[in-house]
Amino acid sequence: MALLSEVKRDYGKLKNYVNGEWIDSTSDKVIDIENPSTGEIIGKVPMSSADETKAAIEAAHEAWWAWRETPPITRARVFFKLKELIEQHFENVARIMVQEQGKTIDEARGETRRTIENVEVAAGIPSLMMGYNLEDGAAEGIDEDAVISPLGVFGAICPFNFPAMIPYWFWPYAVSAGNTYIIKPSSQVPITQNYLTKLVEQAGFPPGVLNIVNGSHEVSDTLMEHPKVKGISFVGSTPVAKYIYKHSAEFGKRVQAQGGAKNSLVVMPDCVLDRTVSNMLASYYGCAGQRCLAGANLVAIGDIAEPLLKKWVEASKKIKMGYGLDESVNMGPVVSAKAKKKVIEYIDSAEQEGAKILLDGRKAVVPGYEKGHFVGPTVIDKVTPDMKVAKEEIFGPVVTYLRMDSMDEALDFIHSSPFGNAASIYTSSGKSAREFRYKCQCGNIGINVGIVAAMAYFPFAGYKDSFFGDLHGQGQDAIKFFTDRKVVITRWF
Amino acid sequence: MVECDFPECTTFGSVIRFALELEKGAAGVYEELSKEPNAAAAASTFTALAIAHKKRGELLEFTRQQKLNEMILEPIQDMKREHYLIDTKTPKGADIKAAAKFAAKIEETSSKFYLDSAMIAKNLMAEAARIMDKLGKESLANKAKLEAL
Numbered sequence: 006m007a008l009l010s011e012v013k014r015d016y017g018k019l020k021n022y023v024n025g026e027w028i029d030s031t032s033d034k035v036i037d038i039e040n041p042s043t044g045e046i047i048g049k050v051p052m053s054s055a056d057e058t059k060a061a062i063e064a065a066h067e068a069w070w071a072w073r074e075t076p077p078i079t080r081a082r083v084f085f086k087l088k089e090l091i092e093q094h095f096e097n098v099a100r101i102m103v104q105e106q107g108k109t110i111d112e113a114r115g116e117t118r119r120t121i122e123n124v125e126v127a128a129g130i131p132s133l134m135m136g137y138n139l140e141d142g143a144a145e146g147i148d149e150d151a152v153i154s155p156l157g158v159f160g161a162i163c164p165f166n167f168p169a170m171i172p173y174w175f176w177p178y179a180v181s182a183g184n185t186y187i188i189k190p191s192s193q194v195p196i197t198q199n200y201l202t203k204l205v206e207q208a209g210f211p212p213g214v215l216n217i218v219n220g221s222h223e224v225s226d227t228l229m230e231h232p233k234v235k236g237i238s239f240v241g242s243t244p245v246a247k248y249i250y251k252h253s254a255e256f257g258k259r260v261q262a263q264g265g266a267k268n269s270l271v272v273m274p275d276c277v278l279d280r281t282v283s284n285m286l287a288s289y290y291g292c293a294g295q296r297c298l299a300g301a302n303l304v305a306i307g308d309i310a311e312p313l314l315k316k317w318v319e320a321s322k323k324i325k326m327g328y329g330l331d332e333s334v335n336m337g338p339v340v341s342a343k344a345k346k347k348v349i350e351y352i353d354s355a356e357q358e359g360a361k362i363l364l365d366g367r368k369a370v371v372p373g374y375e376k377g378h379f380v381g382p383t384v385i386d387k388v389t390p391d392m393k394v395a396k397e398e399i400f401g402p403v404v405t406y407l408r409m410d411s412m413d414e415a416l417d418f419i420h421s422s423p424f425g426n427a428a429s430i431y432t433s434s435g436k437s438a439r440e441f442r443y444k445c446q447c448g449n450i451g452i453n454v455g456i457v458a459a460m461a462y463f464p465f466a467g468y469k470d471s472f473f474g475d476l477h478g479q480g481q482d483a484i485k486f487f488t489d490r491k492v493v494i495t496r497w498f
Numbered sequence: 002m003v004e005c006d007f008p009e010c011t012t013f014g015s016v017i018r019f020a021l022e023l024e025k026g027a028a029g030v031y032e033e034l035s036k037e038p039n040a041a042a043a044a045s046t047f048t049a050l051a052i053a054h055k056k057r058g059e060l061l062e063f064t065r066q067q068k069l070n071e072m073i074l075e076p077i078q079d080m081k082r083e084h085y086l087i088d089t090k091t092p093k094g095a096d097i098k099a100a101a102k103f104a105a106k107i108e109e110t111s112s113k114f115y116l117d118s119a120m121i122a123k124n125l126m127a128e129a130a131r132i133m134d135k136l137g138k139e140s141l142a143n144k145a146k147l148e149a150l
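Protein chains in written order, with our numbering: chain A, 6 to 498; chain B, 2 to 150.
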């Protein structure tokens with residue numbers, strides 16, 4: 006199968022986008038952007054300074070009031086234009102993601118679709134940010150209104166696993182609501198956001214409304230500490246999410262910080278076995294296991310354990326690895342050599358703790374892509390709840406197989422985890438499904454669904470150490486996060 | 002002959018790519034048949050079918066862009082590429098009967114591909130399944146039309 010063509014071989018040194026202009030960073034610190042499938046360097050990203058970040062914040066602040074005064078329907082029109090532009094550039098956006106992140110083209114196309122859906126939902130802002138009122142609400146002849154207002158400048162600190170979509174969980178809602186915005190893309194995968202921002206520029210957003218500052222912690226710290234930034238959105242690991250939450254709060258910011266996960270998929274004896282296996286494959290191996298909604302622990306209940314394991318290993322062996330620009334590939338590499346090393350160390354630890362490696366992806370090599378960071382599908386049997394691989398987030402295509410006697414035992418196990426991102430049950434019993442969704446203390450619950458990815462008009466939830474804050478990304482939650490309610494009490498003499 | 006690059010059907014994207022190659026191959030065959038002097042009486046039928054197959058290609062492109070959802074990406078493990086390959090080497094000098102027979106074989110293979118894809122897609126993506134089913138039935142109707150020539 007021939008590969009789809011790459012949009013470019015080399016994207017050069019990326020620029021920042023500040024106040025409507027593409028600016029070379031003055032920083033002499035740059036890092037390479039690697040194609041994780043081929044090992045080739047495809048670009049360089051500057052590590053911008055605190056001063057450059059402050060300049061972007063000032064530009065966003067300067068642009069804010071005029072944008073806030075722009076009627077919501079006019080703001081929405083720019084988003085309609087942006088949607089059309091992303092549709093036109095759909096395939097390029099997807100292919101760039103494959104190049105810099107390593108996911109498959111189908112995964113990248115799906116992510117592009119989800120990116121567009123967030124723009125579509127945000128374009129509904131005239132309805133989404135309507136306030137409410139009550140005649141005689143305060144007393145006879147005295148009316149009371151709640152007006153929804155934007156707040157100013159917001160910022161996002163973004164992860165590597167969804168280069169297009171995750172910034173779009175936030176900024177379209179913030180900006181359509183009348184705020185201005187600064188994105189710090191992941192320094193591992195900044196090209197997609199760079200490309201999308203060229204479309205933002207073409208769509209006609211006024212200068213300073215959306216800004217991109219490439220870099221690392223210096224940019225993040227400046228965003229968190231600057232008095233003109235009203236709030237921070239973050240997605241990444243739990244330790245960093247905790248730091249972002251605490252540090253931003255110290256500086257009086259609103260925060261929504263999505264952390265790590267250790268998601269369990271619970272398979273009941275009455276599941277529809279073939280469909281269950283097929284559905285779970287995408288959960289465990291999709292995006293090479295680097296989704297915060299990826300399946301991690303596979304918990305088999307009772308008699309299903311042996312037949313499920315047999316089918317699971319057979320199906321896992323058929324997963325085709327390779328460069329995601331080959332459309333027949335099911336799974337790409339993990340994002341970097343460092344990520345691969347970490348995944349392998351986890352598999353090693355399982356072996357040392359007495360688990361049994363039934364399918365071993367540690368030595369996976371894809372012919373023609375020997376420099377790629379591939380880890381093959383890995384199935385670890387005889388895992389017990391106390392093992393490191395059952396408790397910690399691996400972020401790779403590794404299935405830790407546990408056997409339990411009942412759904413209650415599985416729920417106890419799920420609740421013993423500090424994480425609470427997602428959990429799923431596979432069953433044909435409505436009663437079991439109802440009990441699971443009622444009792445399970447996770448933010449995203451799947452019933453015969455292995456990747457519980459909320460659509461743009463629902464919040465991307467998360468409990469416990471998987472989320473710090475109270476309002477999530479996407480949908481009405483995002484609108485609430487990026488606005489405040491102003492109460493007006495009116496009496497006419 | 003139209004050069005086609007048929008992938009293994011292991012993902013939704015590769016099934017759509019396979020379908021696009023089928024459509025490209027079929028459209029190319031019909032264009033060549035429409036220029037065949039010995040089958041001139043059926044030229045307008047072949048031209049119409051070439052246009053129809055190009056439109057089907059556009060529908061498939063649209064489906065790939067609009068229907069693919071990040072959360073529904075289950076691997077496809079039950080479709081064998083070799084069951085659906087078509088011959089695009091148009092017979093030179095074919096009369097109407099021979100040309101129609103050649104094209105009908107392509108439509109038969111296409112219909113099998115689409116109806117099998119629809120069965121698999123039904124569990125993954127109902128909207129895509131409906132489109133596959135529609136294309137499969139259209140191919141069957143095309144086959145019947147060709148056999149009547």
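Note that the Cβ used here is the ideal one computed from N, Cα and C, for glycine as well.
Report all residues from its chain with a CB closer than 8 angstroms to the CB of Val214/A; omit the five preceding and five following residues, and keep chain order. So the list reads Ala65, Ala68, Trp72, Val180, Thr185 and Tyr186, once near-sequence residues are dropped.
Contact list for Gly448/A against chain B, beta-carbon separation under 9 angstroms: Result: empty, since nearest Cβ-Cβ is about 16 angstroms, beyond 9 angstroms.
With 7 angstroms as the threshold, decide whether the Cβ of Phe63/B is near any Cβ in chain A. Answer no: the Cβ-Cβ gap between Phe63/B and chain A never drops below 7 angstroms.
Should Val304/A and Ser354/A be called a contact, given that it needs their Cβ atoms to be closer than 7 angstroms? No, these two residues do not count as a Cβ contact at 7 angstroms.
If you run the structure through DSSP and keep just helix, strand and coil, what is Phe400/A? Reduced to three states, the DSSP call for Phe400/A is coil.
Given Asn335/A as reference, the closest of Phe85/A, Pro190/A and Cys292/A once Cα atoms are compared: In terms of CA proximity to Asn335/A, Cys292/A leads the group Phe85/A, Pro190/A and Cys292/A.
Please return the same chain residues whose Cβ sits closer than 7 angstroms to the Cβ of Asp29/A, not counting the five positions on each side in sequence. Lys20.
Quick check on Arg408/A: does DSSP put it in helix, strand or coil? Strand, per DSSP.
For Lys469/A, which beta-bridge partners are listed by DSSP? Under DSSP, Lys469/A takes part in a beta bridge, and its partners are Phe424/A.
Given a cut-off of 7 angstroms, decide if Ser54/A and Tyr32/A are closer than it, judged by their beta-carbon atoms. First, the amino acid is wrong: residue 32/A is Ser here, not Tyr. Result yes, Cβ atoms of Ser32/A and Ser54/A sit closer than 7 angstroms.
Which first and last residues belong to the alpha helix (DSSP H) in which Leu185/B is found? Lying outside 2 to 150, the shown extent of chain B, residue 185/B is not represented and no answer is given.
One question on the structure: do Glu273/A and Thr432/A come within less than 7 angstroms of each other, judged by their Cβ atoms? In the sequence under discussion, the amino acid at residue 273/A is Met, which differs from the Glu named in the question. With respect to the 7 angstroms criterion, Met273/A and Thr432/A are classified as neighbours on the basis of their beta carbons.
Flag this pair as touching only if the segment 347–365 of chain A and the segment 393–408 of chain A have three or more C-beta atom pairs under 8 angstroms; answer yes or no. In short, these stretches touch, since the Cβ pair count reaches three.
Can you pull the chain A neighbours of Asp88/B, defined as C-beta to C-beta under 8 angstroms? Near Asp88/B there are no residues of chain A at all, since even the closest Cβ is about 20 angstroms away, more than 8 angstroms.
Can you pull the chain A neighbours of Ser118/B, defined as C-beta to C-beta under 9 angstroms? Near Ser118/B there are no residues of chain A at all, since even the closest Cβ is about 14 angstroms away, more than 9 angstroms.
Could you tell me which chain B residues have their CB closer than 8 angstroms to the CB of Arg118/A, listed as they occur along the chain? In chain order: Gln66, Gln67, Leu69, Asn70 and Glu71.
Tell me whether the segment 34–47 of chain B and the segment 241–255 of chain A touch, counting them as touching only if at least three CB pairs, one residue from each stretch, are closer than 8 angstroms. As far as the Cβ criterion goes, the segment 34–47 of chain B does not touch the segment 241–255 of chain A, which means the pair count is below three.
Which first and last residues belong to the alpha helix (DSSP H) in which Asn302/A is found? Taken as a continuous stretch (DSSP letters only), Asn302/A belongs to no alpha helix (DSSP H), being part of the beta strand (DSSP E) at Gly300 to Ile306.
Closest Cβ-Cβ distance between Asp79/B and chain A: below 7 angstroms? Taking Cβ atoms only, chain A never reaches closer than 7 angstroms to Asp79/B, which makes this a no.
Among Lys203/A, Lys393/A and Asn302/A, the one whose alpha carbon lies nearest that of Ser288/A: Looking at Lys203/A, Lys393/A and Asn302/A, the one whose alpha-carbon comes closest to that of Ser288/A is Asn302/A.
From what residue to what residue does the alpha helix (DSSP H) around Ala81/A run? Per DSSP, Ala81/A belongs to the alpha helix (DSSP H) from Pro77 to Gln93.
Chain B contact for Pro213/A (CB, 7 angstroms cutoff): The amino acid occupying residue 213/A in the given sequence is Gly; Pro does not appear at that position. No, because no Cβ of chain B sits closer than 7 angstroms to the Cβ of Gly213/A.
Please go through the same chain and pick out, in chain order, the residues whose beta-carbon is closer than 7 angstroms to the beta-carbon of Leu493/A, but skip the five residues on each side of it. Position check: residue 493/A holds Val in this sequence, whereas Leu was assumed. Counting only Cβ-Cβ distances below 7 angstroms, and skipping sequence neighbours, we find Asp150 and Val152.
Against Thr109/A, what residues of chain B qualify as contacts under a CB-to-CB distance less than 9 angstroms, listed in chain order? Listed along chain B, the residues sitting closer than 9 angstroms to Thr109/A by beta-carbon distance are Thr12, Gly14 and Leu74.
Cβ of Ser283/A less than 7 angstroms from any chain B Cβ? Chain B places a beta carbon closer than 7 angstroms to that of Ser283/A, counting this residue as a contact.
Below 7 angstroms on C-beta distance, what does Asn124/B contact in chain A? Neighbourhood of Asn124/B in chain A, by CB distance below 7 angstroms: Arg280, in chain order.
Supposed contact pair Val50/A and Ser192/A - C-beta distance, whole angstroms, cut 8 angstroms: Confirmed, about 5 angstroms.
Whether Leu116/B touches Gly94/B by CB criterion (7 angstroms): It is not a contact, given that the beta carbons lie outside the stated cut-off.
Looking only at its own chain, which residues have a Cβ that is under 7 angstroms from the Cβ of Met277/A, when we skip the five neighbours before and after it? For clarity, residue 277/A is Val in the given sequence; the question names Met instead. So the qualifying residues of the chain are Ser433.
Using a C-beta to C-beta distance shorter than 7 angstroms, which residues of chain B count as neighbours of Phe95/A? For the C-beta of Phe95/A, the chain B residues within less than 7 angstroms are, from N- to C-terminus, Gln66.
Would you call the CB atoms of Thr48/B and Ile132/B closer than 7 angstroms? Cβ atoms of Thr48/B and Ile132/B: not closer than 7 angstroms.
Assuming Gly448/A and Tyr468/A make a contact with CB atoms under 8 angstroms, what is their CB distance in whole Å? Contact flag correct, Cβ pair sits at about 5 angstroms.
Within its chain, find whatever has a CB closer than 7 angstroms to the CB of Lys376/A; leave out the 5 residues flanking it on each side and keep chain order. Result list for Lys376/A: Thr43 and Gly44, in chain order.
Chain-ordered neighbours of Gly291/A on chain B, where CB pairs are closer than 7 angstroms: Listed along chain B, the residues sitting closer than 7 angstroms to Gly291/A by beta-carbon distance are Leu74.
Mind checking which residues open and close the beta strand (DSSP E) that includes Thr281/A? Per DSSP, Thr281/A lies in no beta strand (DSSP E); the unbroken alpha helix (DSSP H) holding it starts and ends at Leu278 to Tyr290.
For Gly257/A and Lys59/A, what's the separation of their Cα atoms in angstroms? C-alpha of Gly257/A to C-alpha of Lys59/A: approximately 17 angstroms in a straight line.
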